[in-house]
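Visitor: This structure is in structure tokens; I'll ask about it shortly.
Next comes the structure, spelled out in structure tokens:
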């Protein structure tokens, strides 16, 4: 049976790629006005974001149930209405002479960013698992970049409230674990 984090990572990549294909088709339509194409592109990305948030929350709930051994209620995260921001991005992309690759990048980046934020939001307030301390490790994708490999830090267990660092188009996910020792608190830099 595949690991929960592996399954989530595969489903998230499938969702991101499907949203990117739909965004490319919307940007490539020539029988509609540019304003209609922008509205369609923004709607496709917004729908992908909503699906990514639902997927992230379901994954987090399932992993929490797996590591804690008891039922965990869903937080009920609602997608934010980013239609104005996405419309502006879609108009900017469609003004470019070659908008197809940019439309795909927007769709993938938005879906991945929303899903990773959804996992983090679902983890806030979770303190302890069964027989240990709840935390997470970074599960890197198969073809991870140098930045993600450095952020992996040899499988360090991070506290659940710590935000996972990510970059544009990062496909890494948080694997929830139960540790015998409490995860070390993260030092924050003082703002001057």
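Numbering (our numbering), first residue to last: 3 to 194.
Glycine included, C-beta positions come from ideal geometry on N, C-alpha and C.
With the cut-off set at 7 angstroms, would you say residue 76 and residue 63 are in Cβ contact?
Guide: Contact: yes.
Visitor: Suppose you measure from the CA of residue 2 to the CA of residue 40; what does that come to, to the nearest Å?
Guide: No answer is possible for residue 2: the residues shown for the chain start at 3 and end at 194.
Visitor: If we count the other Cβ atoms within 10 Å of its Cβ and call it buried at 16 or more, is residue 51 buried or exposed?
Guide: buried
Visitor: If you drop the 5 nearest sequence neighbours on each side, which residues of the same chain put their C-beta closer than 7 angstroms to that of residue 31?
Guide: 39
Visitor: Output yes or no for whether 7 angstroms exceeds the beta carbon distance between residue 140 and residue 174.
Guide: yes
Visitor: Let me check understanding here. Comparing Cα to Cα, which of 149, 135 and 170 lies closest to residue 159?
Guide: 135
Visitor: Which one of 115, 142, 108 and 26 has the shortest CA to CA distance from residue 8?
Guide: 142
Visitor: Distance, Cα to Cα, residue 60 vs residue 120?
Guide: 10 angstroms
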